[in-house]
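Counted from 1, the sequence shown has number 510 at position 158 by our numbering; the numbering is strictly sequential.
Below: the structure, in structure tokens.
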Amino acid sequence: MMSKNFPDFDSAFDAFFTELSLKNSINIDDEEPHDLCMLHELLVHTNFNRVRAEAYAISLRDHLIDIGYIAAICSNLTFHGNEKQMTKYTTQIADEINLIAIHTFNYLCSSLANAWPNVFHQIIEEKFKSLEITSPSARVLGMLIDSALQVIRETGEKNYQYQIMIAKIGVQEQYYEGLLNYCSYKTGVYGHNVIINRINLNLSDFTSIELQDGKILKLRNFALKLNSTLKTEMDEIYNKETSYIVRQLKKKLPIFISDRLFKCWTMLRLYGDHWWSSCGNLTYAKRSYGYAELSGIASLRYETKGGKFGLCEKFLFNFFM
């Protein structure tokens, strides 16, 4: 390390970083971009993991405090106890430390917020890839969701809870509609469609949990009213295009998608293969918010035989809270 004397702290600091830059351990390759953002790299390489980002922020805070102490000691040694010069110098250092802290906090918060929804879908895609799932059963899809949720709960913004539904595509059809800030829908994920739904909820706040439970209970009662109208209308519809069914239901059902009501909904549809055969089973899996006994997904089912020689049709309507 350096063993020179310097007229002031700035000169010593410049020499310190000049020497560090010559060390092999931190040399920057000429082919590397010189505008590399370390905060961005941290988030990308941890897949926007909030826990790791918070750990880094705490570590940085401790280092900045240490720098503040060092600056105070150096100012005393450099200016020989001259309070005016010492105050000017330490104030400048404190301002710079404060800027670093504010920038880091704002950058991490905005980046974690921007992780929704793309990073969350990437996590599910990676689970499909790593588990080599191509044509799974409902049980296997459920296991995949459970595995993905372990990662998702530590991803992005704090105080959000998530629920997920994955449905196989191909034989069965699907319709989806939802609010972007609460729900996200992605098609064609290894032969499946994925819905991710979230709510802002602080699990350490009992009052917040009670309030959310009350909302879920009201929406489940609302779903029962929807179910009565839905069955009446579906009795009048058979073998129609999915888009036609959706239009007819929207005409008869009250408004049910909004910030205060359901955040998104989906309809799964499956036909029987022959007029004499049953419809079979819809292939899907879902996991509701894991903090309460009440499910955050209201499921309504409808099935018709289609008459003497018609194909049966099976429907599953899911309303996400």
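All C-beta atoms, glycine included, are put in the ideal place defined by N, C-alpha and C.
Please read these numbers as outputs of a predicted model, since none were measured by experiment.
Exercise for review: Apply the 10 Å Cβ neighbour rule to E665 and answer buried if 16 or more other Cβ atoms are within range, or exposed otherwise.
Suggested key: Indexing the sequence shown from 1 puts residue 665 at position 313. Buried: at least 16 other Cβ atoms inside 10 Å.
Review point. From K577 to S462, what does the alpha carbon distance come to, in whole angstroms?
Key: Counted from its first residue, the sequence shown places residue 577 at position 225. Counted from its first residue, the sequence shown places residue 462 at position 110. Going by the C-alpha atoms only, they are around 40 Å apart.
Point to revise | Every unbroken beta strand (DSSP E) inside the stretch 583-653 [3 residues or more] | key: 616-623 and 636-639
Point to revise | Per DSSP, the bridge partner or partners of Q444 | key: The residue given as residue 444 occupies position 92 in the sequence shown. DSSP lists no partner for Q444.
Review point. How do the stretch 558-568 and the stretch 579-594 stand: do at least 3 beta-carbon pairs fall below 8 Å, yes or no?
Key: no
Check your understanding: Whose C-alpha, out of S427, I597, E588 and K510, is nearest the C-alpha of W468?
Key -> Counting from one through the sequence shown, the residue named residue 468 turns up at place 116. When only C-alpha atoms are compared, the closest one is K510.
Practice item. With DSSP collapsed to three states, give me the class of H455. Key: Here residue 455 refers to the residue found at position 103 when the sequence shown is read from its first residue. It is helical.
Practice item. Specify whether the stretch 485-496 and the stretch 420-438 touch according to this definition: at least 3 beta carbon pairs, one from each stretch, less than 8 Å apart. Key: no
Point to revise | Of the listed residues Q524, Y527, I548 and H415, nearest to N470 (C-alpha basis) | key: Walking along the sequence shown from the start, residue 470 turns up at place 118. It is I548.
Check your understanding: Any idea which residues DSSP pairs F672 with across the strands?
Key -> Taking the sequence shown and counting its residues from 1, the one referred to as residue 672 is at position 320. Its beta-bridge partners are C616 and I649.
**Study point:** Bridge partners - R550, DSSP secondary structure assignment
**Key:** Start at 1 with the first residue of the sequence shown, and residue 550 comes out as number 198. Partner(s): Y514.
Review point. Under three-state DSSP, which class holds E509?
Key: In the sequence shown, counting from the first residue as 1, residue 509 sits at position 157. Reduced to three states, the DSSP call for E509 is coil.
Review point. Do I497 and F472 have their C-beta atoms closer together than 8 Å?
Key: The count along the sequence shown starts at 1 and reaches residue 497 at position 145. The count along the sequence shown starts at 1 and reaches residue 472 at position 120. Not in contact: I497 and F472 (Cβ atoms no closer than 8 Å).
Check your understanding: For F669, is the classification buried or exposed, using 16 other Cβ atoms within 10 angstroms of its Cβ as the cut-off for buried?
Key -> As a first step, residue 669 must be located in the sequence shown, where it is residue number 317. So F669 ends up on the buried side.
Check your understanding: How many Å lie between L553 and N533 at the Cα?
Key -> Reading the sequence shown from its first residue, position 201 is the one you call residue 553. Reading the sequence shown from its first residue, position 181 is the one you call residue 533. When rounded, the distance between both Cα atoms is 14 Å.
Review point. Are there 16 or more other CB atoms within 10 angstroms of the CB of V396, so buried, or fewer, so exposed?
Key: Start at 1 with the first residue of the sequence shown, and residue 396 comes out as number 44. Looking at its Cβ environment, which holds fewer than 16 other Cβ atoms inside 10 Å, V396 is exposed.
Point to revise | Burial state of C389, where buried means 16 or more other Cβ atoms lie within 10 Å | key: By 1-based counting over the sequence shown, the position of residue 389 is 37. Exposed, since its Cβ has fewer than 16 Cβ neighbours within 10 Å.
Review point. Based on Cα-Cα distance, which residue from L464, I422 and E435 lies nearest to N401?
Key: Taking the first residue of the sequence shown as position 1, residue 401 is located at position 49. Residue L464 is the option with its Cα nearest to N401.
Practice item. State buried or exposed for Y421, treating a residue as buried only when at least 16 other CB atoms are found within 10 Å of its CB. Key: In the sequence shown, the residue the question calls residue 421 occupies position 69. Per the 10 Å Cβ criterion, exposed.
Review point. Cβ of I475 within 8 Å of Cβ of N545?
Key: Indexing the sequence shown from 1 puts residue 475 at position 123. Indexing the sequence shown from 1 puts residue 545 at position 193. Contact flag unset, no.
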